[in-house]
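In our numbering, the protein residues as written are 251 to 362. Yeah, the Cβ is synthetic: ideal placement off N, Cα and C, and Gly gets one too. Notes follow the structure.
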């Protein structure tokens, strides 16, 4: 009987000791995004996407150029290479224009 009482007292003391604050030290966390507003976060994400689109357009231009060089005079391959180069340039122009339109709309609405 005494062992049960001791065990119960030990459980209660363990819980109380675990719940008592021994010392709390505040830790300041750095902002991992480096931005303070949602608008600057969206701007950073869109700039990163535009960079990836530019890289993809450059890769497609190189692919179209290599395809054109190794076509060996085949009309089908030359046509495919020209279409690849054309669509890569059109895609790059659309990406640049979308950024310009987005900046225009943001200034028109009043977002800094």
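Distance between beta carbons of residue j and residue i, contact taken as under 8 Å
| i | j | result |
| --- | --- | --- |
| residue 338 | residue 317 | So it is not a contact: roughly 11 Å between Cβ atoms. |
| residue 352 | residue 296 | 7 Å |
| residue 287 | residue 294 | Contact flag wrong, Cβ pair sits at about 11 Å. |
Distance cut-off 6 Å: residue i Cβ against heavy atoms of the ligand ADP
| i | result |
| --- | --- |
| residue 264 | In terms of ligand content, the structure shown is empty, and the ligand ADP therefore cannot be addressed. |
Proximity below 7 Å, CB of residue i to CB of residue j
| i | j | result |
| --- | --- | --- |
| residue 341 | residue 298 | no |
| residue 304 | residue 335 | no |
| residue 291 | residue 345 | no |
| residue 328 | residue 321 | yes |
Local conformation of residue i per DSSP, three classes
| i | result |
| --- | --- |
| residue 289 | helix |
| residue 280 | coil |
| residue 321 | coil |
| residue 356 | helix |
| residue 241 | Any question about residue 241 goes unanswered here, given that the chain covers just 251 to 362. |
Below-7 Å beta-carbon distance, residue i vs any chain C residue
| i | result |
| --- | --- |
| residue 295 | Among the chains of the structure shown, chain C does not appear; only one protein chain is present. |
Selected residue, minimal CA-CA separation from residue i, among the options
| i | options | result |
| --- | --- | --- |
| residue 359 | 289, 265 and 323 | 289 |
| residue 235 | 268, 310, 279 and 262 | Residue numbering for the chain in the displayed model covers 251 to 362; residue 235 lies beyond these limits and cannot be assessed. |
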